[in-house]
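Engineer: Once you know that position 69 of the sequence shown is 72 in my numbering, the rest is easy, because the numbers rise by one and skip nothing.
Supplied in structure tokens, the structure appears directly below.
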Amino acid sequence: MTVKASERGTFSSKMGIILASAGSAVGLGNVWRFPTEVGNSGGAAFILIYIACVVLLGLPLMVAEFTVGRHTHANTVDAYRRLAPGTPWVAQGYLGVFTSWFILCYYSVVAGWTLKYLVASALAGPAGISGNTAYFESFTASPVEPIAYMVAVMAVCHVVIARGVEKGIERSSKLLMPLLLLIIAMLVVCSFSMPGSEAGLRFLLQPDFSCLTSDVVLSAMGQSFFSLSIAMGCLCTYASYFRDDARLMRTAVSVASIDTTVAVMSGFIIFPAVFSVADVEVSAGPGLVFITLPNVFRMAFASVPWLGWLFAMLFYMLLLLAALTSMMSIHEPTTAFLLEHFRWPRRVATRVVTLSCVAVGSLCSLSFGVLSGLRVGGLTLFELFDFISAKIFLPVGGLIIALFVGWRLPRRVVWEQATNGGTLRTRTFGLYMLLLRWVAPIAIVLIFCNELGLL
């Protein structure tokens, strides 16, 4: 059972489409996962490979998801059910919905950390928060505090989704995305002003191709794939709210450009700051922003403490905004499925998704403390959720999308969506199909094998 397109809601403007879709792609991975990959993989050389992967891999897959969503104007499950009824391809719809819910369960935990550090920075004042491993581990191991912050962030996301597409997602995106970009610009200026920041800029602007290996190239492809929210059901669901006059290829280019800009600018924020402070231990992953950077903020602005405090506040506000825009898009695919497939009222569907994610997310949070001994294959629950989603669900989903749109979906349908029924001229359609049919599947298989340690 599905609802009519006119009853579902749509994005009211092209700017709303771009900002909402960009918000889906821009997330915590842009701010700390990307800089970590850059730091481990040769600086500017990695960035160049990453940009190439966005163009050759990310854009075709994004347009493919847009094609499925806009052509059917349905939730992810019903979209594949309409396009390939009674075939195994419908499983991709369920996989996309489940993947988005699965990711939201543990992603919300990290989002809660960003709110905690924003509040802690505000309360600590110019003296700054304690940026050390013990402080971070003490907080994450607590059975109550991390869950409370996670619930607070989820509550904000819940309110936005419950208000619907235009009044909730679009309005929030129009507010949050410009604010996010403004904060990035301010932080870049602050970071460039730090003494000794030139070393960080050289690291980001002077490629060291001697660091490039097959593993680095595969990491760049994987980062571009995950950064753009491919195969989570988000892009397909958002595209189902697109107006018929939306230009899919142009929208994809705009979204990818914003996403890449945020990722690269995050490097321009972090590395000049880190290079400006000697003898600071640099941690990877979440530790980079929750352990390393508090020390950097405090040490770099020791002579002007209030400036370091402002820098920290802005940075954790940036993290929180990035987390919220992604959480909104990850929440919506499951909500839309319950709303349209089972005809649940939006407020009920939203409540079910929120409460179920809070329940499972609480278990993921407790895996840093009282449930740390509960392991599957040597992984805690949080690590297990991260591994299964990033290294299994997303690559498999991306491969299915490429094969479905590239080979199973009639070429006429793909062409009509790319050209808005032939009203738009495009000279790149042939190249797009080549990338979607051959380059993307091969690249995804390589990513998949590399992530599982098979290469």
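For every residue, glycine included, the Cβ atom is placed at its ideal position computed from N, Cα and C.
Would you call the stretch 229 to 243 in contact with the stretch 22 to 36, where contact means no fewer than 3 C-beta pairs closer than 8 Å?
Structural biologist: By the Cβ rule, the stretch 229 to 243 counts as touching the stretch 22 to 36, because three or more pairs are nearer than 8 Å.
Engineer: Output needed for P129: all residues of its chain with C-beta closer than 8 Å, excluding positions within five of it in sequence on either side, in chain order.
Structural biologist: P308, W309, G311 and W312
Engineer: Alpha carbon to alpha carbon, how far is S368 from L387? Give it in angstroms, no decimals.
Structural biologist: Taken atom to atom, the span from the alpha-carbon of L387 to that of S368 is near 12 Å.
Engineer: Could you name the residues of the same chain whose beta carbon sits closer than 7 Å to that of M268, not counting the 5 residues immediately before and after it, in chain order?
Structural biologist: I187 and V191
Engineer: Spatial neighbours of F195 within its chain, please: C-beta separation below 8 Å, excluding the five flanking residues on both sides.
Structural biologist: Result list for F195: L204, F271 and P275, in chain order.
Engineer: Per DSSP, L382 is paired with what?
Structural biologist: V379
Engineer: Tell me whether F14 sits in a helix, a strand or coil according to DSSP, three-state version.
Structural biologist: coil
Engineer: Can the beta-carbon of S370 be found less than 8 Å from the beta-carbon of F390?
Structural biologist: no
Engineer: Which two residues bound the contiguous alpha helix (DSSP H) that contains P413?
Structural biologist: Neither: P413 is in no alpha helix (DSSP H) and is coded neither H nor E.
Engineer: Take S9 and list the residues in its own chain whose beta-carbon comes closer than 7 Å to its own, dropping the five residues that flank it on each side.
Structural biologist: Its pLDDT being 43, under 50, S9 is placed unreliably by the model, and the measurement read from it follows with that caveat. There are no such residues.
Engineer: So L121 is in the alpha helix (DSSP H); what residue range does that whole segment cover?
Structural biologist: V93 to A127
Engineer: For the stretch 435 to 445 against the stretch 135 to 144, do three or more pairs of beta-carbon atoms, one drawn from each stretch, fall closer than 8 Å, so that the two count as touching?
Structural biologist: no
Engineer: Mapping DSSP to helix, strand and coil, what is T143?
Structural biologist: helix
Engineer: So for G225, helix, strand or coil by DSSP?
Structural biologist: helix
Engineer: Alpha helix (DSSP H) containing I52: first to last residue?
Structural biologist: A47 to C56
Engineer: Hey, would you say S243 sits closer than 8 Å to N78, going by beta carbons?
Structural biologist: yes
Engineer: Thinking just about the alpha-carbon of each residue, which of S217, N423 and F245 is nearest to the one in S44?
Structural biologist: S217
Engineer: Between the alpha carbons of L377 and A127, how many angstroms are there, rounded?
Structural biologist: 35 Å
Engineer: Could you tell me whether the stretch 95 to 111 touches the stretch 246 to 253, where touching means 3 or more Cβ pairs closer than 8 Å?
Structural biologist: no
Engineer: Tell me which residues share the same chain as S392 and place their Cβ nearer than 7 Å to its Cβ, disregarding the 5 neighbours each side in the sequence.
Structural biologist: T102, F105 and I106
Engineer: When you compare only the Cα positions, how much space is there between V210 and D262?
Structural biologist: Strictly speaking, residue 210 in this sequence is Pro, with Val absent from that position. Answer to the nearest angstrom: the Cα atoms are 21 Å apart.
Engineer: Can you list, in chain order, the residues of its chain whose CB lies under 6 Å from that of S24, leaving out five sequence neighbours each side?
Structural biologist: Y241 and V258.
Engineer: Within 10 angstroms of the Cβ of F300, are there 16 or more other Cβ atoms? Answer buried if so, exposed if not.
Structural biologist: buried
Engineer: In angstroms with no decimal places, state the Cα-to-Cα distance between C452 and A305.
Structural biologist: Cα to Cα, the separation comes out at about 46 Å.
Engineer: Leaving out five residues on either side along the sequence, give the residues of the same chain with a beta carbon under 8 Å from the beta carbon of L121.
Structural biologist: Taking C-beta separations shorter than 8 Å and ignoring five residues to either side along the sequence, the partners of L121 in its chain run M316, Y319, M320, L322 and L323, following chain order.
Engineer: Which first and last residues belong to the alpha helix (DSSP H) in which G42 is found?
Structural biologist: F37 to N43
Engineer: Within 10 Å of its beta-carbon, does K7 have 16 or more other beta-carbons around it, so buried, or fewer, so exposed?
Structural biologist: Summary for K7: the model assigns pLDDT 47, below 50, so the residue's position carries little reliability; its value from the coordinates is reported in the next sentence. With fewer than 16 Cβ atoms within 10 Å of its Cβ, K7 is classed as exposed.
Engineer: Of the choices I54, L374, G225 and V100, whose alpha-carbon is the least far from that of H344?
Structural biologist: Selected option, being the one with the closest Cα: V100.
Engineer: Once DSSP output is grouped into helix, strand and coil, what is the label at A255?
Structural biologist: helix
Engineer: T426 by DSSP, collapsed to three states: which one?
Structural biologist: coil
Engineer: Take every Cβ of the stretch 59 to 67, pair it with every Cβ of the stretch 352 to 367, and state whether three or more of those distances are shorter than 8 Å.
Structural biologist: no
Engineer: Looking at the ligand FAD, does it come within less than 7 Å of P348, judged from the CB to the closest heavy atom?
Structural biologist: Ligands in the displayed structure: none, and consequently the ligand FAD is not present.
Engineer: Is DSSP giving R440 helix, strand or coil here?
Structural biologist: In the three-state reduction of the DSSP assignment, R440 falls in the helix class, which pools H, G and I.
Engineer: In its own chain, which residues sit with a C-beta less than 7 Å from the C-beta of S365, not counting the 5 before and 5 after it?
Structural biologist: I150
Engineer: CB A234 to CB L397, shorter than 8 Å?
Structural biologist: yes
Engineer: My assumption, with CB atoms under 8 Å, is that S27 sits in contact with S260. Please give the rounded CB distance.
Structural biologist: Not quite, the Cβ-Cβ distance comes to about 14 Å (not below 8 Å), so this is no contact.
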